[in-house]
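The working numbering puts the first residue of the sequence shown at 38, with every later residue one more than the last.
Backbone N, C-alpha and C define an ideal beta-carbon position, used for all residues, glycine too.
All values derive from a computational prediction rather than experimental measurement.
Right, one structure below, let's go through it.
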Amino acid sequence: MSDRDIVIAERLKKERESIGYKLKDVAQRMGFENHQVLGNIEGGRRPLKASELVRLAKIYGRSAEFFLTEQPAAPRILWRDSAKTEGTTLAEHRFVDICERYSKLMALTQENNQSDFLRPILPTPNKKAMTNRGFHYVTELAEQARKMLDLGARPAHSLADVLEESFGVLVLHWDLENAGSAASLCGEGCRAVVINTADAPWRRNYDLAHELFHLITWDLFSEEEICEPPKQGRRNMIEQWADAFASALLLPEEEVRGEFQKRVINKEITYISLVEIAREFRVSIDALLWRLATLSLLKRKNVDECLSDGRIRDIDKQARSMDSSWYDPPYLSSRYVMLAIKAYFMGKLSRARFAEYIGKPFSEVSDFLTRNGYADDGDYTIAFAAHS
Numbered sequence: 038m039s040d041r042d043i044v045i046a047e048r049l050k051k052e053r054e055s056i057g058y059k060l061k062d063v064a065q066r067m068g069f070e071n072h073q074v075l076g077n078i079e080g081g082r083r084p085l086k087a088s089e090l091v092r093l094a095k096i097y098g099r100s101a102e103f104f105l106t107e108q109p110a111a112p113r114i115l116w117r118d119s120a121k122t123e124g125t126t127l128a129e130h131r132f133v134d135i136c137e138r139y140s141k142l143m144a145l146t147q148e149n150n151q152s153d154f155l156r157p158i159l160p161t162p163n164k165k166a167m168t169n170r171g172f173h174y175v176t177e178l179a180e181q182a183r184k185m186l187d188l189g190a191r192p193a194h195s196l197a198d199v200l201e202e203s204f205g206v207l208v209l210h211w212d213l214e215n216a217g218s219a220a221s222l223c224g225e226g227c228r229a230v231v232i233n234t235a236d237a238p239w240r241r242n243y244d245l246a247h248e249l250f251h252l253i254t255w256d257l258f259s260e261e262e263i264c265e266p267p268k269q270g271r272r273n274m275i276e277q278w279a280d281a282f283a284s285a286l287l288l289p290e291e292e293v294r295g296e297f298q299k300r301v302i303n304k305e306i307t308y309i310s311l312v313e314i315a316r317e318f319r320v321s322i323d324a325l326l327w328r329l330a331t332l333s334l335l336k337r338k339n340v341d342e343c344l345s346d347g348r349i350r351d352i353d354k355q356a357r358s359m360d361s362s363w364y365d366p367p368y369l370s371s372r373y374v375m376l377a378i379k380a381y382f383m384g385k386l387s388r389a390r391f392a393e394y395i396g397k398p399f400s401e402v403s404d405f406l407t408r409n410g411y412a413d414d415g416d417y418t419i420a421f422a423a424h425s
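Quick look at the structure:
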């Protein structure tokens, strides 16, 4: 076997072990007669077929290309509410792979040439000021971000689209199962967030805003600081700041006060009115209640008692009044798909590579293009002279 084949075999073994898969389990999924076949492949004693590489890559959450080319150091990934599991490792592999493809698509379509001009400049946080002023500073940071991103009075309605289209952040929605509720990544040429579709829509909005805080403060804190275990029953302070940032971003003070006061009758506000406000801002009822307590519109003691009862949270979890297209967003974001289609019609991606990038069988490419409004045999290379 060639040196290249041996390197591929070693990488396959390393990936399997990093996830925690046993030889016999992977061999069974591959349809091998016994696990010795896979052991021989990993040991460089048996040639690996191209079709087997593709299948093994899929099992390990990687692309076949990952095993064929020299890979840079893995980027740092921050997980929200996650204990490291087999599912976490697989999700990380898939996350990094999609981010690398996204970076390549931007390069192939020359989108990154204008990125610095198109993206607004988010506020640059100051670690010393944040440490000294805490939640007050974080709240101001969130308000600056809302205005710079031009999110308007109801930020959750447009946050994901604005982050992608104007700020270049890749926003993905996957069923992460037990991997966690969300994760963020800031690597070479790509900033990205992945959100768990198993969570309710209002929880996903909150997680996205929470992860935006980490992207903005990426170089301020080390992973050890962010992931430091709770002390004396209290959550890590940086995570508390991220939550405060998310609340202030999604629930602007002036707007929330106005909607609250409109619904107060005889110095009282009904639960259904609070639900109405929460749905309008697309946040959970508990996020709204905490924000109202922070703004001194409700007594914190009453909010504590209400949420500790548990019934309000149960009602909130059961509510699925949003339309299915918003509740179940596509696996790949619209911008990623658009860039892949553009690269395909520009001749930068072969049909087979395009199918791999969009995660579809080769035979489904035509249907995929049609569903996205493109004719498979259309000529999209026509160019127009632009007025200068």
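Within 10 angstroms of its Cβ, does residue i collect 16 or more other Cβ (buried), or is it exposed?
i	result
Glu393	buried
Asp244	buried
Pro192	buried
Asp40	exposed
Thr418	exposed
Asp416	exposed
Pro289	buried
Asn169	exposed
Glu305	exposed
Glu137	buried
Ala179	buried
Val301	exposed
Phe399	exposed
Thr176	buried
Ser251	In the sequence on display, residue 251 carries His and not Ser. It counts as buried.
Glu313	exposed
Could you tell me which of the options sits nearest to residue i, measuring between CA atoms?
i	options	result
Gly396	Asn233, Ser370, Asp416 and Lys184	Ser370
Phe103	Leu115, Glu248 and Lys51	Lys51
Tyr368	Trp211, Ile314 and Ser218	Trp211
Ala283	Gln181, Leu376, Leu142 and Lys299	Gln181
Gln65	Leu85, Ala246, Arg82 and Leu93	Leu93
Lys385	Thr146, His194, Ile314 and Ile114	Thr146
Lys95	Val74, Gly76, Asn71 and Leu49	Leu49
Glu265	Glu276, Leu257, Asp256 and Trp255	Glu276
Lys379	Ala412, Glu401 and Phe132	Ala412
Glu261	Arg113, His424 and Ala46	Arg113
Phe204	Ala324, Asn409, Val230 and Ile322	Val230
His247	Met185, Glu202 and Ala324	Ala324
Ala190	Glu291, Arg337, Leu344 and Ile78	Glu291
Thr216	Met383, Glu47 and Ile56	A small fix is needed here, since residue 216 is Ala in this sequence, not Thr. Per the Cα distances, Ile56.
Val91	Asn71, Glu79, Glu107 and Met67	Met67
Glu107	Leu188, Ile45 and Met143	Ile45
Quick one: Cα of residue i to Cα of residue j, how far?
i	j	result
Val293	Asp414	51 angstroms
Leu222	Leu311	34 angstroms
Pro162	Leu200	18 angstroms
Val206	Leu159	12 angstroms
Tyr139	Tyr308	44 angstroms
Lys164	Ala220	22 angstroms
Ser387	Tyr381	7 angstroms
Asp280	Tyr58	35 angstroms
Ala166	Tyr174	7 angstroms
Pro238	Asp134	25 angstroms
Arg328	Leu287	10 angstroms
Phe132	Glu148	21 angstroms
Glu477	Ala87	Outside the displayed range of the chain (38 to 425) lies residue 477, so it cannot be described from this structure.
Ile43	Phe69	20 angstroms
Ala128	Ala422	44 angstroms
Ala391	Val374	Reading off the sequence shown, one finds Phe at residue 391, where the question assumed Ala. Spanning the two alpha carbons is a distance of roughly 10 angstroms.
Val208	Asn303	44 angstroms
Leu447	Ala111	In the structure as shown, the chain starts at 38 and stops at 425, and residue 447 therefore has no counterpart that could be examined.
Gly295	Gly171	26 angstroms
Arg372	Trp278	30 angstroms
Leu105	Glu47	12 angstroms
Leu142	Ala285	34 angstroms
Run the proximity test for residue i: is its beta-carbon closer than 7 angstroms to any non-hydrogen atom belonging to the ligand SAM?
i	result
Ser218	What this structure holds is no ligand at all, so the ligand SAM is not there to describe.
In chain order, what residues of the same chain have a beta carbon less than 6 angstroms from the beta carbon of residue i, not counting five sequence neighbours either side?
i	result
Phe297	Leu334
Gly226	Ser140
Thr407	none
Tyr258	The question names Tyr, yet the displayed sequence has Phe at residue 258. If we look at Phe258 and ignore the five residues flanking it on each side, its Cβ neighbours are Ile275.
Glu214	Gly124
Ala315	Ile322 and Leu325
Val340	Leu326 and Ala330
Leu186	Val199
Looking only at its chain, what residues have a beta carbon closer than 8 angstroms to the beta carbon of residue i, apart from the 5 residues adjacent to it on each side?
i	result
Phe154	Legend: pLDDT at Phe154 = 39, less than 50; position of this residue unreliable, value from coordinates given subsequently. Around Phe154: no qualifying Cβ.
Ser218	Arg117, Asp118, Ser119, Ile232, Asn233, Asp236, Arg240 and Asp244
Just to confirm my understanding: we take residue i, look at its own chain, exclude 5 residues before and 5 after, and list those with CB closer than 7 angstroms. What are they?
i	result
Arg53	Val63 and Tyr97
Gly76	Leu60
Ala389	Phe399
His130	Tyr97, Gly98 and Arg99
Ala197	Val208 and Leu245
Suppose only complete runs of 3+ residues qualify. What are the beta strand (DSSP E) ranges in the stretch 205–229, listed by chain order?
206–211 and 219–224
**Q.** Complete runs of the alpha helix (DSSP H) confined to the stretch 293–357 [at least 4 residues]
**A.** 308–318, 322–331, 337–346 and 348–355
* Quick one: complete alpha helix (DSSP H) runs, 4+ long, within the stretch 353–420? -> 361–364, 371–382, 388–395 and 402–408
- Message: Report the start-end ranges of each beta strand (DSSP E) in the stretch 86–117 that is 3 residues or longer and not cut off at the edges.
- Response: 114–117
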